[in-house]
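Engineer:
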Amino acid sequence: MSAPIPTHVHYHKKARELELTYEGDESYRLSIEYLRVYSPSAEVRGHGGDTAVLQVGKKDVGLKNITQAGRYALKLHFDDGHDSGLYSWDYLYDLALNREAYWADYLRRLDEAGASREPQGIQIKQL
């Protein structure tokens, strides 16, 4: 897949969404929770086969920072401390185009595991 490169990337902090805009005003808004649970990092995806780790309790996650990695990807720095994994332009575009199907699959896997999107315990965030 040779995905287009966004012409504009904007983090909507209050809504906790990352907006990707492409040529021709094609635009997608992806929740930070969605991006976090589909992180391309080995910590989340595993090392092949069935080694992926289901991410739970990420409903309220936000971003601390976004940095560009070369000319091919973004590195997202989540406020839960996760910052490994590079979101290539191809991967971000795939996440945008398949958001509904991927999200439905995530919710199904959560349900099967008896897990929740809700964070467990007390959330403490540094200001």
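Under UniProt numbering, think of the first position of the sequence shown as 1, with each following residue one higher. Glycine is no exception: its CB is placed at the ideal position from the N, C-alpha and C atoms. As the structure is a computational prediction, the values presented were derived from the model and not from experiment.
#1: Out of curiosity, what's the CA-to-CA distance linking valine 37 and histidine 10?
#2: By DSSP, does arginine 66 sit in helix, in strand, or in coil?
#3: Below 7 Å CB to CB, which residues in the same chain sit around lysine 39 once its five sequence neighbours on both sides are set aside?
#4: Between which two residues does the beta strand (DSSP E) holding valine 9 run?
#5: Is the region 11 to 27 touching the region 98 to 114, taking contact as three or more C-beta pairs under 8 Å?
#6: Near histidine 12, which residues of its chain fall below 8 Å by C-beta distance, leaving aside the five closest residues on each side in sequence?
#7: Between the Cα of glutamine 55 and the Cα atoms of Val44, Ala15, Asn65 and Leu63, which residue gives the shortest distance?
#8: What number of angstroms, rounded off, separates the C-alpha of alanine 69 from the C-alpha of glutamate 33?
#9: Just to confirm the assignment, what range does the beta strand (DSSP E) spanning tyrosine 22 have?
#10: Measure the beta-carbon distance from lysine 59 to proline 119 and round it to whole angstroms, keeping in mind my assumption that it falls under 8 Å.
#11: Alanine 115 lies in the beta strand (DSSP E); which residues open and close that run?
#12: With DSSP run on the structure shown, which of helix, strand or coil describes arginine 71?
#13: Going by DSSP, what residues sit across from tyrosine 102 in a beta bridge?
Structural biologist: In brief:
#1: Looking at the two C-alpha atoms, the distance is approximately 19 Å.
#2: Reading the sequence as shown, one finds isoleucine at residue 66 and not arginine. Strand at isoleucine 66.
#3: The sequence given here has serine at residue 39, not lysine. Same-chain partners within the cutoff: His82 and Gly85.
#4: In this chain, the beta strand (DSSP E) harbouring valine 9 covers 8 to 12.
#5: The region 11 to 27 is not in contact with the region 98 to 114.
#6: Here the set comprises Leu18, Glu19 and Arg29.
#7: Looking only at Val44, Ala15, Asn65 and Leu63, the smallest Cα-Cα distance to glutamine 55 is reached by Val44.
#8: For the pair alanine 69 and glutamate 33, the Cα-to-Cα distance works out to about 21 Å.
#9: Segment 17 to 22, the beta strand (DSSP E) holding tyrosine 22.
#10: Separation of the CB atoms of lysine 59 and proline 119 is rounded to 6 Å, and the pair is thereby assigned contact status at 8 Å.
#11: Per DSSP, alanine 115 belongs to no beta strand (DSSP E) and is neither H nor E.
#12: Three-state result, arginine 71: coil.
#13: DSSP output for tyrosine 102 lists no bridge partner at all.
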